[in-house]
Structures are given as C-alpha cells and as structure tokens.
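*Asks:* When we follow this note's numbering, the leftmost residue of the sequence shown carries the number 315, and every step to the right adds one. Each residue gets a CB set at the ideal place from its N, CA and C atoms; glycine is no exception.
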Amino acid sequence: MGHLTVLFYSVPKAVMHFLVNHVKDTLQSELVGQLYKSSLLDDLLTESEDMAQRRKEAADMLKALQGAGQIIAEIRETHLW
C-alpha cells in the first residue's frame, strides 16, 4: 500500500512538472509572437470610432472644466471676501 500512496501523490507533481511548467515557460513567447503578427498588430492599434468619440468628448469636457476653473479663479481674485 505504501508504493501506491507514493505513486498517488507523485502523479500530480509529475503533471505539474512536465505539463504546467512547460506551458508556463512557453506561453509568453507564443503570445508575444502572435501579438506581433502584422495583421493582428494593425487591428489592435486601430482606434474604434466609439473610442475616438469618447476621447473627443473627454477632451472637450477637460477644456470646459479648465475654462470653468479659470473663471472661478478670476472671480475669487476680484471678489476678495
């Protein structure tokens, strides 16, 4: 029974060593290789129309808030309470 127990506990360790560690070691290079394929890279770097619109709206809001901050600063300077 002792040998079966050792075998029972050794199998998951062997799987971990040979399969999982191999995948862990090769996964990053495989993913980077896939990422740098030219057609995929162009698709990933292209901004969607929705995202471009959201970026424009955020930039417009930033300008408006900066202008409002400037007006508030001017009011504070002219009306020293």
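1) Using the C-alpha atoms, what's the distance from Val329 back to Ser353?
2) The alpha helix (DSSP H) with Leu376 in it runs from where to where?
3) Looking at the secondary structure, which residues open and close the alpha helix (DSSP H) in which Lys327 lies?
4) Just to confirm, is the Cβ distance from Leu355 to Leu349 under 8 Å?
5) Give every residue of the same chain whose Cβ lies closer than 7 Å to the Cβ of Val334, excluding the five residues on either side of it in the sequence, and list them in chain order.
*Replies:* In short, the structure shows the following:
1) Mapped onto the sequence shown, residue 353 falls at position 39. Mapped onto the sequence shown, residue 329 falls at position 15. Cα to Cα, the separation comes out at about 36 Å.
2) Here the question's residue 376 lines up with position 62 in the sequence shown. Where Leu376 is concerned, the enclosing alpha helix (DSSP H) stretches over 363-392.
3) As a working mapping, residue 327 is identified with position 13 in the sequence shown. Here the alpha helix (DSSP H) through Lys327 covers 316-329.
4) Taking the first residue of the sequence shown as position 1, residue 355 is located at position 41. Taking the first residue of the sequence shown as position 1, residue 349 is located at position 35. Between Leu355 and Leu349, the C-beta spacing is below 8 Å.
5) By one-based count along the sequence shown, residue 334 stands at place 20. Answer for Val334: no residue qualifies.
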